[in-house]
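A.B. asks: Supplied in structure tokens, the structure appears directly below.
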Amino acid sequence: MKTGRGFPYDREWALARPGGEYRPGNGKAIHKSNFFVLLKEDRLAGITTNLDVHSRVLEVKVRQHVVLHEDLATRAGVRAVERFFARILDCPDEAEPILAREPGRRFTDAAIKSDTLMNAVSIINLDSIRDLSRRSERVIDHRRFRANIYIQGTPPFAEAELVGKEFSIGDVLLRGLAAIPRCAATEVNPSTAVRDLAVPRLLVEHYGDANLGIWAEVINGATMRQGDPVKVNPYAGNGEA
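Last residue of the sequence shown: number 301 in my numbering, and the count goes up by one each step with no gaps.
Set out below in structure tokens:
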């Protein structure tokens with residue numbers, strides 16, 4: 061993790077809608093409606109992608125079968141990816157997606173609010189998801205929330221108390237910025253790609269708002285490892301998160 065930067069390689073690539081506000085090279089933060097996103101495109105949940113960040117080779121799987129293997133360092137590879145997703149998303153020939161990348165920028169939901177939030181990492185407490193599952197009597201897969209970092213072993217929604225505070229995960233020092241309001245993308249089942257559960261409505265019904273998880277800023281980068289403890293900075297509060 062690097063100071064002032066988001067989770068490594070997160071959302072550095074996106075599929076822009078043709079005719080939208082995205083223009084290669086302008087470095088402008090634009091609303092997520094200008095991109096193909098799970099909020100509107102349920103079928104994207106049925107696709108598994110893996111990008112080798114060093115070679116820039118993208119591999120796409122559908123139902124565990126490799127259906128695409130292309131080099132994004134080449135124009136031919138980029139065009140193959142754009143044509144592939146055009147077929148997946150039923151786009152007409154004249155309206156194929158544009159594979160977008162802007163060095164130094166991230167295509168995050170919060171990028172339109174500020175560069176700080178563009179580079180925020182998302183943190184979700186697994187115990188919060190379990191509590192929602194218990195209250196709603198539904199099995200809720202944590203993958204619906206697509207967090208950068210998952211924590212557990214704390215009271216449900218204890219992560220909300222980290223907003224405005226400094227805390228560490230292992231050697232990485234962070235500052236909680238804001239709660240994350242959940243959108244309709246969480247309604248899509250990551251196993252079936254079917255919109256089958258109104259998660260935002262359940263959150264409002266059981267907790268009074270649609271928030272789950274927080275955005276946090278990396279204020280002192282270091283290596284983060286699975287199993288690292290989460291602790292509140294003693295100058296911002298006492299005890300463990």
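From the three backbone atoms N, C-alpha and C, an ideal C-beta is built for every residue, glycine too.
Would you mind sorting Gly66 into buried or exposed? The rule is 16 or more other CB atoms within 10 Å of its CB.
C.D. replies: Here residue 66 is taken as the residue at index 6 of the sequence shown, counted from 1. Flag for Gly66 reads buried.
A.B. asks: Is the separation between the beta-carbon of Ala170 and that of Leu234 shorter than 8 Å?
C.D. replies: Within the sequence shown, residue 170 is the residue found at index 110, counting from 1. Within the sequence shown, residue 234 is the residue found at index 174, counting from 1. Their beta carbons are not under 8 Å apart, which means Ala170 does not touch Leu234 by this criterion.
A.B. asks: Pick from Ser188, Asn208, Ala207: whose alpha carbon is nearest that of Glu199?
C.D. replies: As a working mapping, residue 199 is identified with position 139 in the sequence shown. Per the sequence shown, residue 199 should be read as Val rather than Glu. Ranking Ser188, Asn208, Ala207 by Cα distance to Val199 puts Ser188 first.
A.B. asks: Could you name the residues that DSSP lists as bridge partners for Leu257?
C.D. replies: Within the sequence shown, numbered from 1, the residue matching residue 257 stands at position 197. In the DSSP output, where bridge partners are listed per residue, Leu257 has none listed.
A.B. asks: Please work out which residues of its chain come closer than 6 Å, Cβ to Cβ, to Ile229, disregarding the five sequence neighbours upstream and downstream, and give them in chain order.
C.D. replies: Along the sequence shown, read from residue 1 onward, the residue named residue 229 stands at position 169. Result list for Ile229: Met284, Asp288, Val290, in chain order.
A.B. asks: What three-state label does DSSP hand Val138 in the structure shown?
C.D. replies: On the sequence shown, position 78 is the one that residue 138 refers to. Helix, per DSSP.
A.B. asks: Which runs of the alpha helix (DSSP H) at least 4 residues long sit entirely within the region 121–169? Give them in chain order.
C.D. replies: 135–148, all fully within the region 121–169.
A.B. asks: Between the C-alpha atoms of His266 and Val181, what's the straight-line distance to the nearest angstrom?
C.D. replies: Indexing the sequence shown from 1 puts residue 266 at position 206. Indexing the sequence shown from 1 puts residue 181 at position 121. Rounded to the nearest angstrom, the two C-alpha atoms are 26 Å apart.
A.B. asks: Whole angstroms is fine: what's the gap from Ala76's alpha carbon to Pro157's?
C.D. replies: Position 16 of the sequence shown, counted from the start, is the residue given in the question as residue 76. Position 97 of the sequence shown, counted from the start, is the residue given in the question as residue 157. Roughly 6 Å separates the two Cα atoms.
A.B. asks: Does the pairing of the region 68–82 with the region 90–97 give three or more beta-carbon distances under 8 Å?
C.D. replies: The region 68–82 vs the region 90–97: in contact.
A.B. asks: To which residues does DSSP link Arg235 through a beta bridge?
C.D. replies: Within the sequence shown, the letter at position 175 stands for residue 235. Beta-bridge pairing links Arg235 to Glu226, Glu277.
A.B. asks: Using only the alpha-carbon positions, how far apart do Gly273 and Ala136 sit?
C.D. replies: Counted from its first residue, the sequence shown places residue 273 at position 213. Counted from its first residue, the sequence shown places residue 136 at position 76. In a straight line, the C-alpha of Gly273 is about 39 Å away from that of Ala136.
A.B. asks: Would you say Val232 and Ala282 are within 8 Å of each other, going by their C-beta atoms?
C.D. replies: Working through the sequence shown from its first residue, we reach residue 232 at position 172. Working through the sequence shown from its first residue, we reach residue 282 at position 222. Yes.
A.B. asks: To which residues of the same chain is Gln286 closer than 7 Å at the C-beta, ignoring the five residues directly before and after it?
C.D. replies: Residue 286 sits at position 226 when you count from the first residue of the sequence shown. Closer than 7 Å at Cβ, skipping near neighbours: no residue.
A.B. asks: Shortest alpha-carbon distance to Thr109 belongs to which of Val223, Val141, Arg255, Lys225?
C.D. replies: Within the sequence shown, the letter at position 49 stands for residue 109. Ranking the options by Cα distance to Thr109, first place goes to Val141.
A.B. asks: When you compare only the Cα positions, how much space is there between Leu132 and Leu118?
C.D. replies: As a first step, residue 132 must be located in the sequence shown, where it is residue number 72. As a first step, residue 118 must be located in the sequence shown, where it is residue number 58. Leu132 and Leu118: Cα-Cα distance of roughly 7 Å.
A.B. asks: Check the DSSP bridge columns for Val117 and list the partner residues they point to.
C.D. replies: In the sequence shown, residue 117 corresponds to position 57, counting from 1. Answer is Asp112, Asp131, bridged to Val117.
A.B. asks: With DSSP collapsed to three states, give me the class of Asn271.
C.D. replies: As a working mapping, residue 271 is identified with position 211 in the sequence shown. Note: Asn271 maps to strand in three-state DSSP.
A.B. asks: Please classify Lys291: does DSSP put it in a helix, a strand, or coil?
C.D. replies: The residue given as residue 291 occupies position 231 in the sequence shown. Three-state result, Lys291: strand.
A.B. asks: DSSP has Pro241 in a bridge; who is on the other side?
C.D. replies: Indexing the sequence shown from 1 puts residue 241 at position 181. Pro241 is bridged to Asn271.
A.B. asks: Can you give me the C-alpha to C-alpha distance between His125 and Ile107, rounded to a whole angstrom?
C.D. replies: By one-based count along the sequence shown, residue 125 stands at place 65. By one-based count along the sequence shown, residue 107 stands at place 47. Near 10 Å, if we compare the C-alpha coordinates of Ile107 and His125.
A.B. asks: To the nearest angstrom, report how far apart Ala245 and Arg194 are at their CA atoms.
C.D. replies: For this step, residue 245 is matched to residue 185 along the sequence shown. For this step, residue 194 is matched to residue 134 along the sequence shown. Using only the alpha carbons, I get a separation of about 21 Å.
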